[in-house]
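One structure below.
Numbering (full-length UniProt numbering), first residue to last: 1 to 189.
Here you go:
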């Protein structure tokens, strides 16, 4: 059984500062329990490498051994949470977390891009039953920092309303949310 969402802190952020760990965690969340060997094959990594990174994720509470599967030679891993949340405010005044934060954010954006690209590549598979439900939205809003925070909190509350155990007929739906300011061309230094 998984908890819903873990909130990242300075300690746990370090565990996700490696792109391979984020990939391992995302595969376990998306596809369920797996072995280090199976994950290594999928990612083009050795089982030794994936095993080491899985143990690191376990040390930080992101994954756990799936004791209902495997044996002494075959160790299965599962995700402990359905997702995680990071509040940038927790890290902005911490220079010791800057490198980990940068690595985590870049890897997260790359995974989001990969997930959306995979969906587009598989669009014909989903066309008939999902064509009226899929949404890619890009909005430019004029907001204060406080309004932006309120908007994000509202969106996350809506997402949380839809969290439940899987049922027959369900598909895994990926929902990404990001809200951030951007400089105008005249402001760049």
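For every residue, glycine included, the Cβ atom is placed at its ideal position computed from N, Cα and C.
Please read these numbers as outputs of a predicted model, since none were measured by experiment.
Counted as a single uninterrupted DSSP element, the alpha helix (DSSP H) harbouring residue 53 occupies residues 47 to 59. Approximately 7 Å separates the beta-carbon atoms of residue 20 and residue 45; this is inside 8 Å, confirming the contact. Excluding the 5 residues flanking it on each side, residue 27 has same chain C-beta neighbours closer than 8 Å at 34, 39, 42 and 43, in chain order.
Where residue 64 is concerned, the enclosing beta strand (DSSP E) starts and stops at 63 to 65. Proximity to residue 50 across 66, 68 and 23 peaks at 23, based on C-alpha coordinates. Distance between residue 112 and residue 31, taken at the CA atoms: about 16 Å.
Counting along the chain, residue 81 sits inside no alpha helix (DSSP H); it lies in the beta strand (DSSP E) bounded by residues 81 to 85. Rounded to the nearest angstrom, the Cβ distance from residue 148 to residue 121 is 32 Å, too far for a contact under 8 Å. Looking at the DSSP output, residue 5 sits in a beta bridge with 83. Collapsing the DSSP output to three states places residue 77 in a strand. One alpha carbon belongs to residue 124, the other to residue 131, and they sit about 10 Å apart. Rounded to the nearest angstrom, the gap between the Cα atoms of residue 87 and residue 170 is 30 Å.
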